[in-house]
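Engineer:
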Amino acid sequence: MELIVNKQKVFIATGGKEFNANKPALVMLHGAGMDHTVWSMQARYFAHHGFSVLNPDLPGHGRSDGPPPASIEEYMKWVLRLIVEVKAREIHLIGHSMGSLIALASSAELGEKMVKQALLGTLPHIQVHPNLLEAAQKNEHVAYETVVGWGVGSKAQIGGNRAPGAWVTGASMRLLEASKPGVLGNDLNACNSWKAGLETCSKVLCPTLLLLGSNDKMTPPKGTRAMSEILRASSTITLPDAGHMMMVEQPEQTLDALISFFEN
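Position one of the sequence shown corresponds to residue 10 (this note's numbering), numbered consecutively onward.
1) In this structure, how does DSSP classify PRO173 when only helix, strand and coil are distinguished?
2) Considering only their Cβ atoms, is the gap separating THR46 from GLN126 smaller than 8 Å?
3) Tell whether a beta-carbon distance below 8 Å holds between GLY108 and GLY40.
4) Spell out the partners DSSP gives THR23 in its beta bridges.
5) Helix, strand or coil: which one does DSSP assign to ASN6?
6) Which first and last residues belong to the alpha helix (DSSP H) in which THR209 is found?
7) Taking the beta carbon of GLY174 as the centre, do at least 16 other beta carbons fall within 10 Å, making it buried, or is it exposed?
8) Are three or more beta carbon pairs between the stretch 220-233 and the stretch 79-87 nearer than 8 Å?
9) Compare the C-alpha of SER152 against each of VAL213, ARG90, LEU193 and LYS32 and name the closest.
10) According to the Cβ coordinates, are PHE20 and SER61 closer than 8 Å?
11) Assess, as a yes-or-no matter, whether the stretch 69-77 is touched by the stretch 88-96 under the definition of 3 or more beta carbon pairs within less than 8 Å.
This is the structure we're talking about:
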């Protein structure tokens, strides 16, 4: 569906079911330079199992108008505005990478309105190497190559996808290449600049799932230890052999972990 949020057109996938504000809302937030398609399998399941799904292309990404917000705080304010626009009441959030930071910040602001959140491929501070950040801001292709090289787990880079003909590495590259000029650089800078992760964790009231990949080189699992200690009610699941892009590398395993968290 399409909405107008902050006077900009926004495309939102709903998992094949019309959004119903009377059902629990599940907002799914993608990572830097990406779009809603990374959540396709998971969004469809939850839309057909009791949730109303909001899986947006964030501003400036995919089919949504831009420009993209320049900071995690601005992205968070946009998410809060989206929730108001659709009159959602029971709020659940899922965020990956940059989306996990946006989800975390949003949860802290929503307080008791939040039911649960899942943070995938996350860290309290997602630090970006200066060379990668510079290349992304200059729209150099090496930035896409670096993100894919580090972001896709070693096993997934070989191939062997459950869907015949599908290749996670190639699909991830095409997705980044399709992003609008400057978007990846903007997003990586937003991640690099946001250093309030641990402070924000202390403000979250709802249960949190930290869903991690054992082979994640971009946000190594050990970096979430402090988050798990500060969050009031957290659980951690680490997917064996999964890299940073776990929801497309291991969509079934990722979905199983999310189902066990959100449906219990």
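Cβ coordinates follow ideal geometry from the N, Cα and C atoms, glycine included.
Structural biologist: Here's the rundown:
1) By 1-based counting over the sequence shown, the position of residue 173 is 164. In this prediction, PRO173 has a pLDDT of 46, which is less than 50 and means its spatial position is unreliable; nothing more can be read from the coordinates.
2) Along the sequence shown, one-based indexing puts residue 126 at 117. Along the sequence shown, one-based indexing puts residue 46 at 37. The answer is no: Cβ separation not under 8 Å.
3) Along the sequence shown, one-based indexing puts residue 108 at 99. Along the sequence shown, one-based indexing puts residue 40 at 31. Yes, they are a contact pair.
4) As a first step, residue 23 is located in the sequence shown; it is residue number 14 there, counting from the start. Bridge partners of THR23: none, in fact.
5) There is simply no residue 6 to check, as the chain begins at 10 and stops at 273 in what is shown.
6) The residue labelled residue 209 in the question sits at position 200 within the sequence shown. 206-210 is the extent of the alpha helix (DSSP H) around THR209.
7) Within the sequence shown, the letter at position 165 stands for residue 174. Residue placement at GLY174 cannot be trusted, given a pLDDT of 47 that sits under 50; what the coordinates show is reported in the next sentence. The residue in question, GLY174, is exposed, as its Cβ has fewer than 16 Cβ neighbours within 10 Å.
8) no
9) What you label residue 152 is simply residue 143 of the sequence shown in a count that begins at 1. In the sequence under discussion, the amino acid at residue 152 is Ala, which differs from the Ser named in the question. It is LEU193.
10) In the sequence shown, the residue the question calls residue 20 occupies position 11. In the sequence shown, the residue the question calls residue 61 occupies position 52. Cβ atoms of PHE20 and SER61: not closer than 8 Å.
11) no
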